[in-house]
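Asks: Going line by line, the protein sequences match chains A and B. The opening residue of the first sequence carries number 0 in numbering that gives the first Met the number 0; numbering runs sequentially from there. The opening residue of the second sequence carries number 0 in numbering that gives the first Met the number 0; numbering runs sequentially from there. Ideal Cβ placement from N, Cα and C applies to all residues, glycine included. One structure, as structure tokens, below. Some questions next.
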Amino acid sequence: MPRGVPREINVRILEGEGVTKYFGGLAAVSNVDFHVDEGEIVGLIGPNGAGKTTLFNLISASLVPKPGVIKFKGENITGKKPYQICRMGVARTFQMVKIFTNMPVLENVRLGSFFGTLPGMSSADIAREAAELLEFVGLSAMSATPAKDLTLANQKRLEVARALATRPELLLLDELMAGLNATEMAQAMELVKRIRDKGITIVMIEHVMKAIMSVCERIIVLHHGEKIAEGTPREIANSKKVVEVYLGEQADAGS
Amino acid sequence: MDITTFTSNKRFQIWGISLLVVLAALATLPQWVGSYYVVLLTFILMYILITVSWTIFSGPTGYMSLASAAFFGVGVYTSAILFPMTGAVLPLPLIIVIAGIISFILGLLVGALTLRLKGIYFAIFTFGLVLLIQRFLLWFEMNITATRGRFVATLDNNYIYYVMLVIFVATLLTAYFIRRSRFGLALQSIGENEEAAAHIGINVTLVKVIIFAISAVFMGAAGAIMASKLIYIDPYIAFNPLLSFMPVLMAIFGGLGQFYGPIIGAAVFAYLQEFLKTEFPFAYMFTFGLVLVMVMVFMPSGLVGMIQRLLASLKEGPQEKSTPSWTLIFSFLFGILGGLVSWFIFRERRGARVHLKVGGVVTIIVIAFYLILLLLAYLGELRSGYFGI
């Protein structure tokens, strides 16, 4: 299996310094430093309540870190609004799928192109791009179907297509594999790799070890809001600390 | 296939032509009908335009605004100050524009303050605004200007009608183009999932506030011209809370799914209101309520939704679930029977004390009718589809 596309220089697309978020007295994310290089697929793992989704919310500006700084392509994006982050080139999906259920599939994707990119695209361009994206994720046949009638796997694909429509450079995938069967999971892993091959950097939260181990080039492990480990899948799988706090019995089940 | 833009050119043409015909008819109407109908039509147009402008924002987003009366009232008072009995300060068209602008600014302020509230909190706050302005004005008029009401210069009925028609057309055009534009799409996505909308690059706050303020413009303008119809105004008349609820009811009555739903809903509703008021002045509110409840129960997607379902079943033969169950037929007949009984009784003895008794009996009948409905719903005769949307 090819381990990443060859890259000349490692450009840091995303950086976090001392990122912290308290909910009341509880530190959901505590003093986390992280970075993501351009073109990488980075996995974000950790037990339930480790702060993974909170970290995603901080990156995508649903929440504001306090204290801490998040930089995208070297620019400080702390305190910006979600729509600004999106237009700068950070797209995301949600743990619980958040598609526009009463709209047709195509419309969901078109909305992403309409607002996620800079103005100036003609509606013909947008329609063509939306059709291409549906083709890319394999939903072409359902473009007129109301989104609520899709299966969970297809809804997740739609959410990915909608995120891609905003032309991101960085894509945050929150538990793309959760709730999928083995076949769907294989397709989803394939999809993730194809997105990376388009030149889009990916950070993914995942509980399915098999997926994370085979797709990611680097893994960050959170526990109780703190970063406890970081490294290649092999390093993580062999890290005593990680196995202790997180993998446990899942290690044999997953790999 | 492009879904939001023109579905087909031919259909668009048919709509366009029939709309022009309706418009031409409305424009020449005062020459054919008496003054009563001109006034009635002015009111109907007003209700339609308020309902449509309410729907511009609240329809797609699902934010139930109860501020309509506030915007209307602001328009009324703008007129009362600038167009008093003693002589107009400014020409009327300018006053109407100013009323629209003031409503717009109020909409911006209220929107910026409250649109982070969701669901019922937003509804309550916007309604609170109506009462707040009403009370403040009352205090102000009593204590500072030492009056309570004001007199507005009167105008010819036909003149008021034509001004209303102009505002009406402007409202419809604005509503139509917003719905068709990317703003319309954005509003719809906000209604479906605000968080997701923000994360695909929609400036959620800006879109909401701007559209909310735009929808306020027409209510203000309508208020400004209606002031001359009302002649005497005071805070209670100008900021009548009922006007906050009317657009909501009318829009739901017509059906929010289609653009013309609220238009038809408001037209039928406003006429019905007038009819009931003149035919049954004593039982007006009661009958009105009864009709409303019936609509909610039997036509969850409004008048237009029901008509569409009827047309579809005529075209494609009976559909699954489209055959009404015995329960529905039975309770519907029951409702009609109740309505007829009350009609005869109330018609015969208008003004007599016997109404109290009769009202009681009719109420008991209606309650019994709903108990039966509930019982049958419990027994599983009614499917949830009839209640849900």
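Quick check on the burial criterion: 16 or more other C-beta atoms within 10 angstroms. Buried or exposed for A/Val10?
Replies: Under this definition A/Val10 is an exposed residue.
Asks: Relative to chain B, which residues along the region 31-58 of chain A have a C-beta separation below 9 angstroms, given in chain order?
Replies: The residues in question: there are none.
Asks: May I ask you to verify whether the region 241-253 of chain B touches the region 47-61 of chain B, counting CB pairs closer than 8 angstroms and requiring at least 3?
Replies: Yes: the two stretches touch, three or more of their Cβ pairs being nearer than 8 angstroms.
Asks: Am I right that B/Ala223 and B/Ile104 are in contact with their C-beta atoms under 8 angstroms? What's the rounded C-beta distance?
Replies: Their Cβ separation, rounded to whole angstroms, is 15 angstroms, which puts B/Ala223 and B/Ile104 out of contact at 8 angstroms.
Asks: For A/Asp36 versus A/Val18, is the C-beta distance shorter than 9 angstroms?
Replies: Contact: no.
Asks: Hey, B/Ile55 and B/Ile210: beta-carbon distance below 9 angstroms or not?
Replies: In contact: B/Ile55 and B/Ile210 (Cβ atoms closer than 9 angstroms).
Asks: Quick one: complete beta strand (DSSP E) runs, 3+ long, within the region 191-220 of chain A?
Replies: Segments of the beta strand (DSSP E) lying fully in the region 191-220 of chain A: 200-204.
Asks: Need the endpoints of the beta strand (DSSP E) that B/His198 sits in, please.
Replies: Run containing B/His198: none in the beta strand (DSSP E); it sits in the alpha helix (DSSP H), 193-198.
Asks: Which whole-angstrom value is the C-beta distance of B/Ile395 and B/Thr77, which I expect to be below 8 angstroms?
Replies: Because residue 395 of chain B is not part of the residues shown, which for chain B are 0 to 388, the question remains open.
Asks: Please classify A/Asp36: does DSSP put it in a helix, a strand, or coil?
Replies: DSSP places A/Asp36 in strand when its eight states are reduced to three.
Asks: Per DSSP, A/Pro81 forms a beta bridge with which residues?
Replies: Answer is none; A/Pro81 lacks a bridge partner.
Asks: Do you know how far the Cα of B/Ile119 is from the Cα of B/Leu241?
Replies: If you take the alpha carbons of B/Leu241 and B/Ile119, they lie about 18 angstroms apart.
Asks: In the structure shown, what three-state DSSP assignment does A/Asp148 receive?
Replies: Three-state DSSP puts A/Asp148 in a helix.
Asks: Give the straight-line distance between the Cα atoms of B/Leu19 and A/Gly178, rounded to the nearest whole angstrom.
Replies: About 54 angstroms.
Asks: For the alpha helix (DSSP H) containing B/Thr125, name the first residue and the last one.
Replies: Here the alpha helix (DSSP H) through B/Thr125 covers 118-142.
Asks: Go ahead and label B/Thr277 buried or exposed: buried means 16 or more other beta carbons lie within 10 angstroms of its beta carbon, across all protein chains shown.
Replies: Exposed is the call here.
Asks: Measuring CA to CA, which of B/Gly264, B/Ala220, B/Thr170 is closest to B/Leu302?
Replies: For the residues B/Gly264, B/Ala220, B/Thr170, the minimum Cα distance to B/Leu302 belongs to B/Gly264.
Asks: Can you give me, in chain order, the residues of the region 99-120 of chain A that have a beta carbon less than 8 angstroms from any beta carbon in chain B?
Replies: Here the close residues are Phe99, Thr100, Asn101, Met102, Pro103, Leu105, Glu106, Arg109, Leu110, Gly111, Phe113, Phe114, Gly115, Thr116.
Asks: Around the C-beta of A/Asn153, are 16 or more other C-beta atoms found within 10 angstroms, so that it is buried, or is it exposed?
Replies: The residue is buried, with at least 16 neighbouring Cβ atoms inside 10 Å.
Asks: Excluding sequence positions up to five away, which residues of its chain have a Cβ less than 8 angstroms from the Cβ of B/Ile262?
Replies: These residues qualify, in order along the chain: Ile47, Thr50, Val51, Leu171, Gly253.
Asks: Who are the neighbours of A/Pro81 on chain B, taking C-beta pairs under 7 angstroms?
Replies: Under the 7 angstroms cutoff, chain B gives Ala197, His198.
Asks: Closer than 7 angstroms, Cβ to any Cβ of chain B: which residues of the region 157-181 of chain A, in chain order?
Replies: The residues in question are Arg161, Thr165.
Asks: Thinking just about the alpha-carbon of each residue, which of B/Ser17, B/Leu271, B/Val96, B/Thr27 is nearest to the one in B/Ile213?
Replies: Looking at the Cα atoms, B/Val96 is the closest of the given residues.
Asks: Relative to the alpha-carbon of B/Arg181, which residue among A/Gly78, A/Phe114, A/Thr165 has its alpha-carbon at the smallest distance?
Replies: If we check each option's Cα against that of B/Arg181, A/Phe114 comes out closest.
Asks: Let me make sure I understand the geometry here. Which of B/Phe11, B/Tyr35, B/Leu22 has the alpha-carbon closest to that of B/Tyr270?
Replies: Minimum Cα distance to B/Tyr270 is reached at B/Tyr35.
Asks: Relative to chain A, which residues along the region 170-195 of chain B have a C-beta separation below 8 angstroms, given in chain order?
Replies: Flagged, chain order: Arg181, Leu184, Ala185, Gln187, Ser188, Glu191, Asn192, Glu194, Ala195.
Asks: Would you mind stating whether B/Ala221 and B/Gly74 have Cβ atoms separated by less than 9 angstroms?
Replies: Contact flag set, yes.
Asks: Are the C-beta of A/Arg127 and some C-beta of chain B separated by less than 9 angstroms?
Replies: By this cut-off, A/Arg127 is not an interface position.
Asks: Identify the continuous beta strand (DSSP E) that holds A/Ile69 and give its terminal residues.
Replies: It spans 68-71 - the beta strand (DSSP E) in which A/Ile69 sits, taken as one unbroken run.
Asks: Give the range of the beta strand (DSSP E) segment to which A/Ala228 is assigned.
Replies: Taken as a continuous stretch (DSSP letters only), the beta strand (DSSP E) holding A/Ala228 covers 225-230.
Asks: By a C-beta neighbour count over all protein chains shown, 10 Å radius and 16 as the cutoff for buried, is A/Thr92 buried or exposed?
Replies: So A/Thr92 ends up on the buried side.
Asks: Taking beta-carbon pairs under 8 angstroms, can you tell me which members of the region 47-77 of chain B lie near chain A?
Replies: Answer set for the region 47-77 of chain B: empty.
Asks: Using only the alpha-carbon positions, how far apart do A/Leu57 and A/Tyr82 sit?
Replies: Approximately 13 angstroms, taken between the alpha carbons.
Asks: Which bits of chain A does B/Ile201 rub up against, with CB to CB less than 7 angstroms?
Replies: The answer, in chain order, is Tyr82, Phe114.
Asks: Is it buried or exposed, B/Tyr160, if we count other Cβ atoms within 10 angstroms and call 16 or more buried?
Replies: Answer is buried; the Cβ neighbour count reaches 16.
Asks: Per DSSP, A/Tyr21 forms a beta bridge with which residues?
Replies: Answer is A/Ala26.
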